[in-house]
Structures are given as C-alpha cells and as structure tokens.
Amino acid sequence: MSPAPAIKVVLADDEHLVRSGFKVLLDLEDDISVVGEATTGVEACDLARTARPHVVLMDIRMPTLDGIRATARIAGTPGLEHVKVLILTTYDTDENVFDALQAGASGFLLKDAGPAELLHAIRVIAAGDALLAPRVTRRLIGQFAAQRRLAASAADRLSVLTDREREVLALVGRGMSNDEIGAALFLSPATARTHVGRAMTKLGARDRAQLVVIAFRTGLTTPDE
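Start counting the sequence shown at -7; every next residue gets the next number (this note's numbering).
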C-alpha cells in the first residue's frame, strides 16, 4: 500500500528566523512537505497559485500585502478552493484575527504554540476541517462579532435553513465536532456532517470557521453560552 501524499505547506512570514524554525520542524514529518516560502503577502498569493499547497501558514503582519488581504485574495481566486489558510499571530487579543476568519482563513494559531499544536493544526486544516479549538478562538469571535452585527436581521440571514440546520449551526458556533453535535441532537455523526454541509452551502460559507462567524454575528450563538 503506497503512503498517503504529503501535505504541502507554504510558509508566509517576513521574519527569516520564524520561517526557518517552522521549516526545521515540518521537515521532520513524513506526511508534511514545505513547498515554498514567502516574505510578503503578494509572494504568498503567487505561491498559492504556482505551488498549489494544501495549507498556507500566513502571518498577519507582512509588507506589500498584509496577511488578511492575502487570505481574501487566495480565498477568492477560482481554482484555489482547496488551499487552506492558517493565520499566525503574536497576540491573542489581535482583532485582525476576526477579520482573517471573515476573509476566508480556516483558523489561526499563536506563534508561541508548541510543536505538537502546530502540527495538529496543519493536519486538521489540510483534512478540510476548521481549526476551532485554539485557546482564544471562541473569545475573539464572541468579542468582535458582538460589535459587528449584520445589517440584516438574523431571521433574514438564516431563513434559508431548516430548524434542524439552525440547531446544528448553533452547536457549530459553540465549537462542537460532528460527533458532539450528533450526541447532543441524537443524530449519527454522518447525519450531523450532512447538516453542517448543507448549512455551509446555503449560507455560502467557505468552511466551519465561517459558520462559527455567522452563528455569532446573527446572534444564534452568543459569547456567554
């Protein structure tokens, strides 16, 4: 049986030492391959098109084009739907993290995260899931979503969903996995995944991270839950 293809990663950070440290760590893993390094957001976008990585580790603060705008450009480029962006940030109170999730990032990680946490994040995002469990994600989304309600009412935004899909979306907003949602609603994990997929399609969400944003911004999930 042939081994699974390696997860291709692009490192986007203007600090050479940061990129070097990540590369040394990732090169030790049999299932991960660094296929390019970028020092600006523009270079990151170019590499996303040419190297076709599975994951881009994207620093927020970069010259020429910052990580948020670079993320939006990648997410909005036809043919790059499979390229997932993992935002790297130094501060867990960085409001830009919320903007990054809106722009199309699949999650974020603090730069001081341990090696195991970084490797886990890359594998989770490469598998097509969103990284919803870092220690600051829920607080950040709740904090900033409360300040940025959609102009349309929650009823208007969520009217395309069935009652069951609303229930599932609320639980996604609380950071639950498909297994946890299934247990809470007495559904199989496969059925829960189907409802999540349908909600994602109807709401035009790129991935689960954007579903979390929608759940908070429409008030379906609140920070104190």
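Virtual Cβ for every residue (Gly too), placed ideally from N, Cα, C.
Validate contact between the region 32 to 42 and the region 10 to 21 using beta carbons, cut 8 Å, 3 pairs: no
If you pair each beta-carbon of the region 75 to 82 with each one of the region 108 to 117, do three or more pairs fall below 8 Å? yes
Mind listing, in chain order, the continuous alpha helix (DSSP H) runs of no fewer than 4 residues lying wholly within the region -2 to 49? 8 to 19 and 33 to 43
Compare the Cα-Cα distances from G196 to each of Q94, A175, L102 and G211 and report the closest residue. Taking the sequence shown and counting its residues from 1, one reaches residue 196 at position 204. Looking from the CA of G196, the closest CA among Q94, A175, L102 and G211 belongs to Q94.
Within the same chain, show all residues whose beta-carbon is closer than 8 Å to that of V160, passing over the 5 residues directly before and after it, in chain order. Walking along the sequence shown from the start, residue 160 turns up at place 168. Apart from the 5 residues on each side of it in sequence, V160 sits with its Cβ closer than 8 Å to the Cβ of I173, L177, A184, H187, V188 and A191 in its chain, given in chain order.
Taking Cβ positions, are F7 and D51 nearer each other than 9 Å? Residue mapping note: residue 7 aligns to position 15 of the sequence shown, counting from 1. Residue mapping note: residue 51 aligns to position 59 of the sequence shown, counting from 1. The sequence as given places Glu at residue 7; Phe does not occur at that position. Contact flag set, yes.
Measuring only the C-alpha atoms, how far is G165 from F208? As a working note, residue 165 is residue 173 in the sequence shown. As a working note, residue 208 is residue 216 in the sequence shown. So the alpha carbons of these two residues sit roughly 7 Å apart.
Alpha carbon of A67 to alpha carbon of L163, nearest angstrom: Here residue 67 refers to the residue found at position 75 when the sequence shown is read from its first residue. Here residue 163 refers to the residue found at position 171 when the sequence shown is read from its first residue. Taking the straight line joining both Cα atoms gives about 25 Å.
State yes or no: is the C-beta of K220 within less than 9 Å of the C-beta of V34? Nothing about residue 220 can be reported from this structure: the residues present for the chain run from -7 to 217 only.
Contact under 9 Å by Cβ, A4 with A43: To locate residue 4, count along the sequence shown from 1; it is residue 12. To locate residue 43, count along the sequence shown from 1; it is residue 51. Cβ distance not < 9 Å, so A4 and A43 don't count as in contact.
Segment limits, alpha helix (DSSP H) that includes I221: As displayed, the chain neither begins before -7 nor continues past 217, which places residue 221 out of reach and without an answer.
Report buried or exposed for P45, applying the criterion of at least 16 other Cβ atoms within 10 angstroms of its Cβ. By one-based count along the sequence shown, residue 45 stands at place 53. Buried, because 16 or more other Cβ atoms sit within 10 Å of the Cβ of P45.
Cα separation between G13 and V26? The residue you call residue 13 lines up with position 21 of the sequence shown. The residue you call residue 26 lines up with position 34 of the sequence shown. The straight-line gap from Cα to Cα measures roughly 12 Å.
Three-state secondary structure (DSSP) of D171: Here residue 171 is taken as the residue at index 179 of the sequence shown, counted from 1. The three-state secondary structure of D171, taken from DSSP, is helix.
When you compare only the Cα positions, how much space is there between V204 and R158? Sequence index remark: in the sequence shown, residue 204 carries index 212 (1-based). Sequence index remark: in the sequence shown, residue 158 carries index 166 (1-based). Approximately 12 Å between the Cα atoms of the pair.
Which of helix, strand or coil DSSP assigns to L101: Counting from 1 along the sequence shown, the entry for residue 101 is found at position 109. Here L101 sits in strand by DSSP.
So, does the CB of A67 fall closer than 9 Å to a CB anywhere in chain D? This model lacks chain D altogether, as it is built from one protein chain only.
Beta-bridge partners of T81, as assigned by DSSP: Within the sequence shown, numbered from 1, the residue matching residue 81 stands at position 89. Looking at the DSSP assignment, T81 forms a beta bridge with L102.
Check whether the Cβ atoms of T63 and A118 lie closer than 9 Å to each other. Here residue 63 refers to the residue found at position 71 of the sequence shown. Here residue 118 refers to the residue found at position 126 of the sequence shown. Taking 9 Å as the Cβ cut-off, T63 and A118 do not qualify as a contacting pair.
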